[in-house]
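These notes concern the structure reproduced below.
Number of protein chains: 2
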Amino acid sequence: MTRTAFFISDGTGITAESLGRSLLAQFENVEIRMLTKPYIDDLEKAQALVDIIDAAAVRDGERPIIIDTIVDQRIRDVIRKASGFKVDIFSTFLKPLEQELDTHSSYSVGRTHSIGSDDVYMDRIHSVHFALDNDDGARTHQYAEADIILVGVSRCGKTPTSLYLALQFGIRAANYPLTEDDQDEDGFLKMPKALAPYRSKLFGLTIDARRLAAIRHERRPNSRYSSMDQCLQEVEQAESLYRSMHIPYLDTTRSSVEEISTRMIAETGLKRRFSPH
Amino acid sequence: MTRTAFFISDGTGITAESLGRSLLAQFENVEIRMLTKPYIDDLEKAQALVDIIDAAAVRDGERPIIIDTIVDQRIRDVIRKASGFKVDIFSTFLKPLEQELDTHSSYSVGRTHSIGSDDVYMDRIHSVHFALDNDDGARTHQYAEADIILVGVSRCGKTPTSLYLALQFGIRAANYPLTEDDQDEDGFLKMPKALAPYRSKLFGLTIDARRLAAIRHERRPNSRYSSMDQCLQEVEQAESLYRSMHIPYLDTTRSSVEEISTRMIAETGLKRRFSPH
């Protein structure tokens with residue numbers, strides 16, 4: 001039996017969806033179809049959504065779960081008419097918070113937090129372009145400006161992580177690939193010259209060799225680049241460099257970009273320039 | 001008087017922080033210092049955090065607000081000892097949800113939703129590299145593979161939006177700059193050749209000319225590129241192209257990348273390959 005859940009918001013829907021998915025993830029044995037409905041910001045859209053919810057109720061034979069972060073009371077009144085089970089975040093928590101903070105909440109349209117401010121925008125766009133300009137060792141002369149420099153073998157997750165740090169937190173992340181070009185005469189990876197002056201900014205990524213081979217195989221099937229031997233050797237060399245140079249590092253094998261980025265911030269104390277959504 | 005709020009999680013902290021900021025944004029007249037504490041996943045870290053919370057209580061002269069999404073009961077028991085005001089999302093909502101869904105929740109460590117699965121990772125990395133390869137009109141031969149092609153004048157927000165769509169939703173977004181190269185003999189923007197076969201995938205971005213001039217000024221101060229005249233003219237031409245070719249478009253002037261991306265998805269019905277965090 002499938003149930004439907006609606007995450008409803010007058011804004012992006014990110015908060016409602018994030019909370020909704022966290023809550024519903026606790027019910028593994030129930031099949032739940034999850035729908036995010038952002039920008040429900042007038043009565044007409046609200047009424048149209050009520051019709052959709054009611055139709056889902058009829059189809060499923062069970063009322064849908066409704067998780068919303070709408071602030072406008074008139075829109076809430078419309079949504080309330082839908083035949084659903086409501087998880088009402090704002091009503092539930094705002095009253096006790098008003099008591100605790102001994103003040104009234106504004107609780108009106110458009111009052112949800114926004115990162116649309118000019119400063120945030122400039123920080124963000126600057127950080128994104130910084131990540132792009134300094135991707136994959138393309139340039140090294142801006143490393144003095146970097147907040148962090150990610151190092152690791154090709155396709156271990158450096159680029160997505162740099163971009164996520166830039167977009168979500170305004171962090172200026174460069175990244176530099178560890179390759180055979182930086183081996184010493186005995187075939188061991190040495191500290192790349194471009195990185196030596198910035199040791200305190202370095203953060204390593206590593207990955208299970210089998211997983212790396214699979215990822216590289218998508219890009220260049222059946223190549224030396226994607227062979228198990230090559231991947232094993234590169235990963236071993238990278239990890240031994242991290243250890244000998246005391247570079248902190250994380251394993252990306254079973255982690256999402258969100259997890260890698262937030263762990264990195266937690267471990268290094270890196271300062272975020274702004275907060276996500 | 002400043003209050004402190006802690007967003008606490010055994011994972012990334014994204015859900016707790018997102019909800020916490022939404023709730024506290026309703027209290028404009030209270031100054032609140034917000035701290036995110038992710039990866040509180042053992043008793044030792046929990047106890048250390050309790051000490052930090054208690055210290056904040058002493059310093060502020062008021063107990064901190066605690067908003068958490070920790071699932072492990074033993075860790076919760078430790079955190080509960082902190083002298084704070086608890087907004088307890090899981091306890092509050094899971095019981096009623098259990099009743100509604102007529103089943104028990106798993107409610108145990110590591111059960112929060114994750115996007116760390118292999119498929120998601122591959123989709124994500126593919127989409128990020130797609131966005132990078134197809135940034136700023138660099139290539140046009142992969143447009144058949146694109147889910148959406150963003151168009152707009154230089155620095156109107158195409159690149160951050162393409163990357164956000166890739167990272168958060170696995171959407172393959174190319175972007176193409178509208179420049180004077182695509183003007184006809186009368187000096188009007190015409191549909192760029194590379195885009196003509198993909199009209200149904202086009203989505204325009206526009207921006208207030210004054211804002212554009214400010215953004216471009218950061219990049220190339222006092223240039224023709226960043227002059228008010230140039231910006232005005234480019235923006236007018238772009239908008240008139242959108243209208244004449246029936247290309248849907250959004251104004252990025254007062255919007256965050258989250259807002260632009262989620263609105264775009266809502267308006268086009270673009271399919272997300274996975275869900276954020």
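Read top to bottom, the protein sequences are chains Z and X.
In terms of full-length UniProt numbering, the first sequence has 120 at position 120, counting the first letter as 1, and numbering is strictly consecutive.
In terms of full-length UniProt numbering, the second sequence has 145 at position 145, counting the first letter as 1, and numbering is strictly consecutive.
Idealized CB from N, CA, C, for every residue including glycine.
Residues of its chain near residue i, where Cβ-Cβ distance is below 6 Å and the 5 sequence neighbours each way are ignored
{"i": "X/Leu165", "result": "Ile171, Ala173 and Ser261"}
{"i": "Z/Ala266", "result": "none"}
{"i": "Z/Asp208", "result": "Thr253"}
{"i": "X/Thr268", "result": "none"}
{"i": "X/Glu234", "result": "Val153"}
{"i": "X/Ser223", "result": "none"}
9 Å Cβ cutoff met for residue i and residue j
{"i": "X/Gly53", "j": "X/Ile66", "result": "The sequence given here has Ile at residue 53 of chain X, not Gly. Contact flag set, yes."}
{"i": "Z/Pro177", "j": "Z/Ser162", "result": "no"}
{"i": "X/Leu270", "j": "X/Asp147", "result": "yes"}
{"i": "X/Tyr225", "j": "X/Glu239", "result": "no"}
{"i": "X/Glu145", "j": "X/Phe169", "result": "no"}
{"i": "residue 301 of chain X", "j": "X/Thr36", "result": "Look at the range of chain X in this structure, 1 to 277, and you will see that residue 301 of chain X is not part of it."}
{"i": "Z/Pro38", "j": "Z/Gly11", "result": "yes"}
{"i": "Z/Thr4", "j": "Z/Ala82", "result": "no"}
{"i": "Z/Asp182", "j": "Z/Pro192", "result": "yes"}
{"i": "Z/Leu97", "j": "X/Val87", "result": "yes"}
{"i": "Z/Val128", "j": "X/Thr159", "result": "yes"}
{"i": "Z/Ser255", "j": "Z/Arg263", "result": "yes"}
{"i": "X/Ile125", "j": "Z/Ile215", "result": "yes"}
Identity of the residue in the options nearest residue i by Cα
{"i": "Z/Asp118", "options": "X/Thr268, X/Ser275, X/Val257 and X/His246", "result": "X/Val257"}
{"i": "X/Ala196", "options": "X/Met245, X/Ala56 and X/Thr103", "result": "X/Met245"}
{"i": "Z/Asp251", "options": "Z/Tyr225, Z/Leu212 and Z/Glu218", "result": "Z/Leu212"}
{"i": "Z/Asn29", "options": "X/Ile247, X/Arg220, X/Pro160 and X/His104", "result": "X/His104"}
{"i": "X/Phe89", "options": "Z/Thr15, Z/Asp60, Z/Arg74 and Z/Asp136", "result": "Looking at the sequence provided, one finds Ile at residue 89 of chain X rather than Phe. With distances taken between Cα atoms, X/Ile89 lies closest to Z/Thr15."}
{"i": "X/Tyr121", "options": "Z/Met1, Z/Glu218, Z/Gly13 and Z/Thr69", "result": "Z/Glu218"}
{"i": "Z/Arg139", "options": "Z/Met264, Z/Ile215, Z/Gln99 and Z/Asn175", "result": "Z/Asn175"}
{"i": "Z/Gln47", "options": "Z/Arg33, Z/Gly13 and Z/Ile8", "result": "Z/Ile8"}
{"i": "X/Thr2", "options": "X/Gly13, X/Met34, X/Val71 and X/Leu23", "result": "X/Met34"}
{"i": "X/Leu241", "options": "X/Ala25, X/Glu180 and X/Glu259", "result": "X/Glu180"}
{"i": "X/Ile79", "options": "X/Leu97, X/Val50, X/Pro64 and X/Ser91", "result": "X/Val50"}
{"i": "Z/Lys95", "options": "X/Gln99, X/Lys95 and X/Phe85", "result": "X/Phe85"}
{"i": "Z/Ala194", "options": "Z/Ser227, Z/Gln142 and Z/Gln230", "result": "Z/Gln142"}
{"i": "Z/Asp186", "options": "Z/Lys201, Z/Ser200, Z/Gly137 and Z/Gln237", "result": "Z/Gln237"}
{"i": "Z/Pro64", "options": "Z/Lys201, Z/Ser200 and Z/Leu24", "result": "Z/Leu24"}
Whole-Å CB distance - residue i paired with residue j, under 8 Å assumed
{"i": "X/Leu189", "j": "X/Gly152", "result": "Their Cβ separation, rounded to whole angstroms, is 11 Å, which puts X/Leu189 and X/Gly152 out of contact at 8 Å."}
{"i": "X/Phe203", "j": "X/Leu150", "result": "6 Å"}
{"i": "Z/Leu167", "j": "X/Leu132", "result": "Contact doesn't hold; Cβ gap of about 13 Å is too wide."}
{"i": "Z/Leu43", "j": "Z/Arg74", "result": "6 Å"}
{"i": "X/Ile32", "j": "X/Ile70", "result": "About 21 Å separates the two Cβ atoms, so there is no contact after all."}
{"i": "Z/Gln26", "j": "X/Ser91", "result": "Not confirmed; about 12 Å, so no contact."}
Close Cβ partners of residue i (< 7 Å) along its chain, the five nearest in sequence each way excluded
{"i": "X/Asp123", "result": "Gly170, Arg273 and Phe274"}
{"i": "Z/Asp135", "result": "Thr159, Ser162 and Asn175"}
{"i": "X/Cys156", "result": "Leu205, Thr206, Ile207, Leu212 and Thr252"}
{"i": "X/Gly13", "result": "Phe7, Thr36, Lys37 and Pro38"}
{"i": "X/Gly137", "result": "Tyr176 and Pro177"}
Spatial neighbours of residue i in its chain, beta-carbon cut-off 8 Å, leaving aside the 5 residues before and after
{"i": "X/Tyr198", "result": "Tyr143, Ala144, Ala146 and Ile149"}
{"i": "Z/Arg210", "result": "Met228 and Cys231"}
{"i": "residue 342 of chain X", "result": "This structure gives no information on residue 342 of chain X, because the portion of chain X shown stretches from 1 to 277."}
{"i": "X/Asp60", "result": "Met1, Thr2, Arg3 and Thr4"}
{"i": "Z/Lys201", "result": "Tyr143, Ala146, Asp147, Ile148 and Ile149"}
{"i": "X/Ile45", "result": "For the sequence presented, residue 45 of chain X should be read as Lys rather than Ile. Result list for X/Lys45: Tyr39, in chain order."}
Taking only runs that begin and end inside the segment 40 to 125 of chain Z, name each unbroken beta strand (DSSP E) of 3 or more residues, in chain order.
-> 65 to 68 and 85 to 88
Entirely within the segment 226 to 252 of chain Z and at least 3 residues each: give me those beta strand (DSSP E) ranges in chain order.
-> 249 to 251
Beta strand (DSSP E) runs wholly inside the segment 135 to 210 of chain Z, at least 3 long, in chain order | 148 to 152, 173 to 177 and 202 to 206
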